[in-house]
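**Student:** As numbered in the working numbering, residues 1322 to 1521 make up the sequence shown, in order. Ideal Cβ positions, reconstructed from N, Cα and C, are used throughout, including at glycine. In this text the structure is predicted, and so the values were computed from the model without any measurement. Here you go, one structure.
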Amino acid sequence: MKPSSLFASLSSVAAAAAAATVAPEAHVFSELPSGYTLGNVTWMGNVTADGPEVSLTGASFHDIEAQIRQANPGFEWPADETPEWSTINKDIDHLSCNLPQFWWAVKFRIQEGIDYLNGKTGRCYIPAGPQYCTRISCSYHSAIFWCNDNDHAVWIDCNLWSSYAQAIIDKCTVDDPSQDVKGQQFSTENWNIIVGYSEC
């Protein structure tokens, strides 16, 4: 065998051996499972105390708040605007911790998102579904989604988000050192909050 042919054969064997020892491909998680649509969220409220209501749209509530503060750098959210649980409870349908189509989020990152959303006033809009979602908060691959399963658009009080997400981490956090969490809290009006993994 010619040296060049021997070298080519050895190279092929080495390449095949390397391919055989490559680690399995890591699972790539998408923003939402197949069938879901991810879009924007719209907020309506007062940017100034005496000004008219305005409508702002963004990919998350962080985007909307940035627009609010650009319009009014001194803007502050009202204090003590979180609704009582007894008021929220009448609008809750059911909660599911079994979401095989979603991957896990990190509990303390979701708690940070809840703390951020807590007390955010105004009315929030989501387009018609079904399975139309907005990612209202996300950090370190841990997201809070608001989803609409109606065939019509929905307006709600924005301060409901944090209470629904809190119910999920209270009931669905795994009881081990990872403290991972995922779950879906449904309302009687056919919209829901999902906690789970996302690219962010």
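1. For H1383, name the three-state secondary structure that DSSP assigns.
2. What are the boundary residues of the alpha helix (DSSP H) that L1420 is part of?
3. Taking its Cβ as the centre, do 16 or more other Cβ atoms sit within 10 Å of K1441, making it buried, or is it exposed?
4. Helix, strand or coil: how does DSSP classify S1460 here?
5. Using a Cβ-Cβ cut-off of 8 Å, state whether Q1388 counts as contacting chain C.
6. For W1467, which of helix, strand or coil comes out of DSSP?
7. For S1499, is the classification buried or exposed, using 16 other Cβ atoms within 10 angstroms of its Cβ as the cut-off for buried?
8. For the structure I just gave you, are there three or more beta carbon pairs, one from the region 1488-1508 and one from the region 1412-1429, closer than 8 Å?
9. Is it buried or exposed, R1390, if we count other Cβ atoms within 10 angstroms and call 16 or more buried?
**Tutor:** Taking the coordinates as given:
1. Translated into the one-based positions of the sequence shown, residue 1383 becomes position 62. Helix.
2. Numbered from its first residue, the sequence shown carries residue 1420 at position 99. L1420 -> no alpha helix (DSSP H), and no H or E assigned at all.
3. Walking along the sequence shown from the start, residue 1441 turns up at place 120. Burial call: buried.
4. On the sequence shown, residue 1460 is found 139 positions in, with the first residue counted as 1. If DSSP states are grouped into helix, strand and coil, S1460 belongs with the strands.
5. Of the protein chains in the structure, only one exists, and it is not chain C.
6. The sequence position of residue 1467 within the sequence shown is 146, counting from 1. Reduced to three states, the DSSP call for W1467 is strand.
7. On the sequence shown, position 178 is the one that residue 1499 refers to. Exposed: under 16 other Cβ atoms inside 10 Å.
8. Judged by Cβ distances under 8 Å, the region 1488-1508 makes contact with the region 1412-1429, as three or more pairs qualify.
9. Here residue 1390 corresponds to residue number 69 of the sequence shown, with the count starting at 1. By the 10 Å Cβ count, R1390 comes out exposed.
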